[in-house]
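Enquirer: Residue numbers (the working numbering), protein chains in the order written: chain B, 1 to 195; chain W, 1 to 195.
Ideal placement from N, C-alpha and C gives every residue a C-beta, glycine not left out.
Pasting in a structure now, in structure tokens, and then I'll have a few things to ask.
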């Protein structure tokens with residue numbers, strides 16, 4: 001079904017053009033017209049792939065999550081790393097340590113604020129990251145990697161805060177808080193949980 | 001100089017009206033017209049206090065910081081609390097544990113994303129919170145409150161991340177992460193730094 005594959009590929013290209021517009025101009029610039037221009041399409045051609053601006057924005061947001069989820073699934077399945085190393089790599093995947101992830105972070109951040117005042121749309125509460133972190137700590141515990149006295153629920157909440165706080169600071173203060181710095185801080189924190 | 005005081009008081013009231021508009025409608029709603037309506041003023045009367053929309057928005061953002069700074073200065077000067085308790089209270093002041101602080105947080109967050117794509121304006125990098133946290137940890141250390149083996153620079157970065165991560169989650173997931181929860185997690189984290 002090459003046509004369907006092309007269709008999906010073109011939708012992804014449009015979503016990526018949307019990301020670039022948001023990174024450069026913020027949500028104010030993310031009009032259908034501006035996105036069509038960035039994607040090198042006519043308005044009519046863009047409407048063939050997305051009927052409304054909201055449909056396009058929701059898809060562009062969803063693609064951020066899909067990309068991150070795919071990368072994490074790949075790391076999880078890779079047995080060349082020992083469990084502790086693999087778990088560390090998964091947590092690091094949640095930080096914007098390179099240009100690609102920084103773009104995703106910026107887009108996620110802009111969308112979150114934008115959709116906050118829409119009745120329908122993206123709901124941060126259901127993005128599942130807290131539950132994922134909680135599960136990963138449970139796995140680490142079953143593998144006997146965690147210090148015994150830890151309050152796992154408390155540590156999951158704190159680890160989630162450390163990750164999103166570092167991501168926020170890398171976004172707001174890229175000069176002071178670069179990829180190397182946030183990696184170092186997260187690894188330091190994980191070392192305090194592992195024995 | 002009662003006239004000047006009235007002028008400043010009126011500017012604060014307009015800034016607070018701006019906050020309410022932003023909390024309810026996001027930055028999209030924060031037009032001069034919308035803010036004048038919320039403040040119960042004519043457009044002309046509002047222009048008497050703020051010549052441009054950007055001047056008003058910058059002032060409204062600045063007021064968030066001033067209010068928080070004033071609260072922290074008050075806690076710092078209050079000697080009824082022992083040093084460890086006082087330091088804990090200062091850090092808790094940075095979290096949106098009540099309605100007033102949640103509004104400030106929401107406004108700060110909206111402004112941060114909005115001003116990111118403006119050439120001039122608010123620069124998060126200079127908001128001084130990291131330096132403040134670093135200084136507070138130094139004070140705690142001089143008072144012999146901190147565990148000896150701590151890497152203070154690393155712990156300041158991590159504590160800053162915990163605080164802003166919790167603030168972000170309280171904003172995004174108010175049902176799951178309420179004021180009590182973020183207080184508990186921050187106190188748990190501070191307990192791991194103090195001896």
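Opposite residue 109(W) in the DSSP bridges: which residues?
Expert: For residue 109(W), which the question treats as bridged, DSSP gives no partner whatsoever.
Enquirer: With which residues is residue 194(B) paired in a DSSP beta bridge?
Expert: Partner(s): 146(B).
Enquirer: Taking the C-alpha atoms as reference points, what is the distance between residue 15(W) and residue 148(W)?
Expert: Looking at the two C-alpha atoms, the distance is approximately 45 Å.
Enquirer: Would you kindly report the start and end of the unbroken alpha helix (DSSP H) that includes residue 79(B)?
Expert: Premise fails: residue 79(B) is in no alpha helix (DSSP H) and is neither H nor E.
Enquirer: Determine, using beta carbons only, whether residue 133(B) comes closer than 8 Å to chain W.
Expert: Chain W contact via Cβ: absent.
Enquirer: Name, going along the chain, the residues of the segment 98-116 of chain W whose beta-carbon falls closer than 8 Å to a beta-carbon of chain B.
Expert: Those residues of the segment 98-116 of chain W that come within reach of chain B (Cβ to Cβ, closer than 8 Å) are 109, 110, 112, 113, 114, 116.
Enquirer: Which residues in the same chain as residue 130(W) place their Cβ atom closer than 6 Å to its Cβ, once the five residues preceding and following it in sequence are excluded?
Expert: Correct list, in chain order: 160.
Enquirer: Count the other CB atoms, across all protein chains shown, that sit within 10 Å of the CB of residue 143(W); report buried if there are 16 or more and exposed otherwise.
Expert: Exposed, since its Cβ has fewer than 16 Cβ neighbours within 10 Å.
Enquirer: Where does residue 176(B) fall in DSSP's three states?
Expert: Three-state result, residue 176(B): coil.
Enquirer: How far does the alpha helix (DSSP H) with residue 117(B) in it reach, from first residue to last?
Expert: Note, residue 117(B): premise wrong, no alpha helix (DSSP H); not H, not E.
Enquirer: Within the 8 Å Cβ cut-off, does residue 161(B) reach chain W?
Expert: Chain W contact via Cβ: present.
Enquirer: Is there a Cβ of chain B sitting closer than 8 Å to that of residue 25(W), yes or no?
Expert: Cβ-Cβ to chain B under 8 Å: yes for residue 25(W).
Enquirer: Evaluate the contact criterion for the segment 60-72 of chain W versus the segment 102-110 of chain W: three or more CB pairs, one atom per stretch, below 8 Å.
Expert: They touch, by the three-pair rule.
Enquirer: Would the beta-carbon of residue 197(B) fall within 8 Å of that of residue 23(B)?
Expert: As shown, chain B starts at 1 and ends at 195. That puts residue 197(B) outside it, with no answer to give.
Enquirer: Using 8 Å as the limit for Cβ to Cβ distance, is residue 216(W) near chain B?
Expert: Outside the shown range of chain W, which is 1 to 195, sits residue 216(W), and nothing can be said about it.
Enquirer: In three-state DSSP terms, what is residue 97(W)?
Expert: Here residue 97(W) sits in coil by DSSP.
Enquirer: Using only the alpha-carbon positions, how far apart do residue 77(W) and residue 185(W) sit?
Expert: Their backbone Cα atoms lie some 25 Å apart in a straight line.
Enquirer: If you check the beta carbons only, do residue 155(W) and residue 193(W) fall under 8 Å apart?
Expert: Contact flag set, yes.
Enquirer: Buried or exposed, going by whether 16 or more other CB atoms sit within 10 Å of the CB of residue 96(W)?
Expert: With 16 or more other Cβ atoms within 10 Å, it is buried.
Enquirer: Work out the CA separation of residue 175(W) and residue 72(B) for me, nearest whole Å.
Expert: The alpha-carbon atoms of residue 72(B) and residue 175(W) are separated by roughly 27 Å.
Enquirer: Using CA coordinates, which residue listed in 51(B), 99(B), 81(B) is at the minimum distance from residue 180(B)?
Expert: The residue with the shortest Cα to Cα distance from residue 180(B) is 99(B).
Enquirer: Would you say residue 61(B) faces chain W, with C-beta separation under 8 Å as the test?
Expert: No, residue 61(B) lies away from the interface with chain W (no Cβ there is under 8 Å from its Cβ).
Enquirer: What residues from chain W crowd round residue 158(B), counting only those whose CB sits closer than 8 Å?
Expert: 162, 185, 188, 189, listed in chain order.
Enquirer: Report yes if the C-beta distance between residue 55(W) and residue 75(W) is below 8 Å; otherwise report no.
Expert: No, these two residues do not count as a Cβ contact at 8 Å.
Enquirer: Could you tell me whether the Cβ atoms of residue 172(W) and residue 182(W) are closer together than 8 Å?
Expert: No, the Cβ-Cβ distance between residue 172(W) and residue 182(W) is not below 8 Å.
Enquirer: Within 10 Å of its beta-carbon, does residue 101(W) have 16 or more other beta-carbons around it, so buried, or fewer, so exposed?
Expert: The residue is buried, with at least 16 neighbouring Cβ atoms inside 10 Å.
Enquirer: Nearest to residue 153(B) by alpha carbon, out of 138(B), 11(B), 162(B)?
Expert: Nearest option by C-alpha distance: 138(B).
Enquirer: In chain order, which continuous runs of the alpha helix (DSSP H) of length 4 or greater are located wholly inside the segment 24-71 of chain W?
Expert: Fully enclosed alpha helix (DSSP H) runs of 4 or longer: 32-39, 43-49.
Enquirer: Mind checking whether residue 32(B) and residue 41(B) have CB atoms under 8 Å apart?
Expert: Not closer than 8 Å, so no.
Enquirer: For residue 10(W) versus residue 49(W), is the C-beta distance shorter than 8 Å?
Expert: Their beta carbons are under 8 Å apart, which means residue 10(W) touches residue 49(W) by this criterion.
Enquirer: So for residue 151(B), helix, strand or coil by DSSP?
Expert: Note: residue 151(B) maps to coil in three-state DSSP.
Enquirer: Chain W partners of residue 154(B), CB-CB under 7 Å?
Expert: Ordered by position in chain W, the residues that pass the 7 Å Cβ test against residue 154(B) are 185, 188.
Enquirer: How long is the line joining the alpha carbons of residue 140(B) and residue 189(B), rounded to whole angstroms?
Expert: Cα-Cα distance, rounded: 15 Å.
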